[in-house]
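Working notes for the structure below.
There are 2 protein chains.
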Amino acid sequence: MTSDTGGDDAPTDLDLTRLLQTLTVESDRYAERFGAVHGLHRTDVNALLVVMDAARRGEPMSPGALARELGLSPSATTALIDRLETLGHVERSRPAGDRRRVALNVPEAAVEANRHLFTPLAIAFAQSWAGFTAEERMVVARFLEVSTEAMKAAGSGREAPPHDGAQRRR
Amino acid sequence: MTSDTGGDDAPTDLDLTRLLQTLTVESDRYAERFGAVHGLHRTDVNALLVVMDAARRGEPMSPGALARELGLSPSATTALIDRLETLGHVERSRPAGDRRRVALNVPEAAVEANRHLFTPLAIAFAQSWAGFTAEERMVVARFLEVSTEAMKAAGSGREAPPHDGAQRRR
DNA sequence: GACATATATTTCGATGATCGAAATAGTAAG
DNA sequence: CTTACTATTTCGATCATCGAAATATATGTC
Chain A
1 MTSDTGGDDA
11 PTDLDLTRLL
21 QTLTVESDRY
31 AERFGAVHGL
41 HRTDVNALLV
51 VMDAARRGEP
61 MSPGALAREL
71 GLSPSATTAL
81 IDRLETLGHV
91 ERSRPAGDRR
101 RVALNVPEAA
111 VEANRHLFTP
121 LAIAFAQSWA
131 GFTAEERMVV
141 ARFLEVSTEA
151 MKAAGSGREA
161 PPHDGAQRRR
Chain B
1 MTSDTGGDDA
11 PTDLDLTRLL
21 QTLTVESDRY
31 AERFGAVHGL
41 HRTDVNALLV
51 VMDAARRGEP
61 MSPGALAREL
71 GLSPSATTAL
81 IDRLETLGHV
91 ERSRPAGDRR
101 RVALNVPEAA
111 VEANRHLFTP
121 LAIAFAQSWA
131 GFTAEERMVV
141 ARFLEVSTEA
151 MKAAGSGREA
161 PPHDGAQRRR
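Here you go:
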């Protein structure tokens with residue numbers, strides 16, 4: 001079902017764009033439901049993913065870096081970290097070198113618990129991807145990378161805004 | 001950066017999961033920045049996409065359906081539609097048959113304007129996907145479909161929530 | 001060494017998106 | 001006509017987010 005172009009035709013740019021939009025909307029929705037269960041919000045889930053990923057690489061994030069990563073204001077980030085810290089998902093510490101900075105660590109106890117949080121989704125993904133060959137996975141990885149890059153570039157940079165006739169008041 | 005497993009190895013489930021997470025985080029960030037320019041919020045952008053997609057298929061959404069689609073409460077959806085209607089992106093109308101219902105239409109004038117809103121990103125995507133063959137696109141489309149399904153299923157279903165310590169009520 | 005400037009984070013007050021519960025309107029059944 | 005049900009909106013409250021100012025630390029200049 002969801003038969004768009006028939007089935008055996010190659011998806012157009014528009015087809016892929018729609019599929020990607022559907023995926024991101026569904027992702028937001030999942031984050032929302034997921035967060036409701038664990039007392040987190042969409043932003044908190046995103047932040048936790050970013051912090052965990054950085055911590056896993058041994059490069060703990062700072063609040064400022066997290067703010068830039070998420071596109072949040074510094075003050076919102078402080079509140080966000082307060083929430084995560086209260087729930088025990090992350091931890092603040094002042095590095096010895098620059099004491100202006102704050103490092104966001106994931107407490108040992110939380111590392112595994114946090115991973116468990118995302119395990120159900122990871123399992124669901126793994127199952128749904130069981131049929132993909134090595135070559136196909138490389139294609140997909142490439143696609144995800146360039147698409148992420150495209151969004152990053154389209155948002156921050158300049159993207160030749162088309163003549164927009166109808167301008168909304170605001 | 002892009003610390004993958006080397007280059008020519010096939011991405012593992014974990015690799016793909018991370019790439020997908022990065023993409024969705026970036027997508028949220030894009031929606032946020034994008035919305036800030038046009039006086040919209042993340043949710044409004046998602047809602048507009050959903051409503052536009054439904055309208056394009058000739059099946060205008062109702063507030064209730066939109067609420068379920070986005071995982072919002074009915075009251076939040078009312079406010080959301082108020083915002084979109086004030087900005088002229090959508091329009092309320094009561095269908096002749098059941099006058100309890102409300103149909104969300106996209107005004108003719110807004111159809112093209114709304115499409116223009118998303119054109120920059122569509123262009124960026126199209127450029128980044130220029131190198132994908134027909135076969136590769138079909139692989140990607142399949143991947144996006146099954147991944148979306150996986151999220152939908154993982155969220156609604158019950159996935160044996162692990163013992164979690166801290167919890168907050170809303 | 002003292003002083004101005006820059007960087008990192010937090011605090012404070014205000015705005016508004018969202019929620020739950022109750023209200024309103026319309027439909028269907030007995 | 002009355003009751004039950006569905007769809008949407010209104011109302012009051014909560015809390016995530018913002019911008020601006022405050023705090024603390026670092027760096028450069030005389």
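Chains as they are written, first to last, in UniProt numbering: chain A, 1 to 170; chain B, 1 to 170. All C-beta atoms in this analysis are idealised placements derived from N, C-alpha and C, irrespective of residue type, glycine included.
The region 70-88 of chain A contacting the region 139-153 of chain A, beta-carbon criterion three pairs below 8 Å: no
Start-to-end residues for the alpha helix (DSSP H) that takes in A:Glu-32: 13-38
Whole-number beta carbon distance between B:Glu-91 and A:Gly-71, since they are thought to touch under 8 Å: About 30 Å separates the beta carbon of A:Gly-71 from that of B:Glu-91, a gap too long to meet the 8 Å contact definition.
Through-space distance from B:Thr-12 to A:Leu-48, alpha-carbon basis: Their backbone Cα atoms lie some 22 Å apart in a straight line.
Where the alpha helix (DSSP H) through A:Leu-121 begins and ends: 108-128
Residue-chain proximity (B:Gly-71, chain A), Cβ-Cβ < 9 Å: True, the Cβ-Cβ gap to chain A drops below 9 Å.
Neighbourhood of B:Asp-44 by C-beta, 7 Å cutoff - its chain only, sequence neighbours within 5 removed: Counting only Cβ-Cβ distances below 7 Å, and skipping sequence neighbours, we find Gly-35, Leu-80, Arg-83, Leu-84.
Chain-ordered chain B contacts of A:Glu-32 [CB-CB under 7 Å]: What A:Glu-32 touches in chain B: Gly-71.
Candidates B:Leu-19, B:Phe-143, B:Glu-69, B:Pro-60: closest to B:Ser-93 by CA position: For B:Ser-93, the nearest C-alpha among the options comes from B:Pro-60.
CB contact below 9 Å: B:Ser-27 versus chain A: So yes, B:Ser-27 belongs to the interface.
For B:Met-151: DSSP bridge partner residues: Here B:Met-151 is not bridged, per DSSP, to any residue.
Rounded Cβ spacing between A:Ser-62 and A:Val-106 (contact assumed at less than 8 Å): Between A:Val-106 and A:Ser-62 the Cβ distance is about 14 Å, and since that is not below 8 Å, they are no contact.
Three-way DSSP call (helix, strand, coil) for B:Ala-47 in this model: helix
Neighbour-count burial assignment, B:Asp-98, 16 or more Cβ in a 10 Å radius: Around the beta-carbon of B:Asp-98, fewer than 16 other beta-carbon atoms lie within 10 Å, marking it exposed.
Check whether B:Val-50 and A:Val-25 have beta carbons under 9 Å apart: yes
Buried versus exposed call for B:Leu-14 [16 or more other C-beta atoms within 10 Å across all chains shown]: Exposed, since its Cβ has fewer than 16 Cβ neighbours within 10 Å.
Backbone secondary structure at A:Glu-59 - three-state DSSP: Correct three-state label for A:Glu-59: coil.
B:Pro-74 to B:Ala-67 span [Cα, whole Å]: 6 Å
Residue of A:Asp-53, A:His-41, A:Thr-17 minimising C-alpha distance to A:Val-111: If we check each option's Cα against that of A:Val-111, A:Asp-53 comes out closest.
Element boundaries [beta strand (DSSP E), containing A:Ser-73]: Run containing A:Ser-73: none; DSSP gives neither H nor E here.
Assumed close pair A:Leu-23, B:Leu-144 - CB separation to whole angstroms, cut-off 8 Å: 5 Å
Reduced DSSP secondary structure (H/G/I, E/B, other) of B:Arg-92: strand
Alpha-carbon to alpha-carbon, B:Ala-124 and A:Ala-76: 30 Å
Residue burial classification, A:Arg-56 (beta-carbon count within 10 angstroms, cutoff 16): Counting every other CB atom within 10 Å of its CB across the protein chains shown gives A:Arg-56 a total below 16, marking it as exposed.
Residue range of the beta strand (DSSP E) that includes B:Leu-104: 103-105
Chain A contact residues for B:Arg-18, given Cβ-Cβ distances below 8 Å: Near B:Arg-18 (Cβ distances below 8 Å), the residues of chain A are Asp-53.
With 16 other Cβ atoms within 10 Å as the buried cut-off, status of A:Arg-137: buried
Buried/exposed call for A:Pro-95, threshold 16 Cβ in 10 Å: exposed
Under the three-state DSSP convention, the category B:Leu-87 falls into: coil
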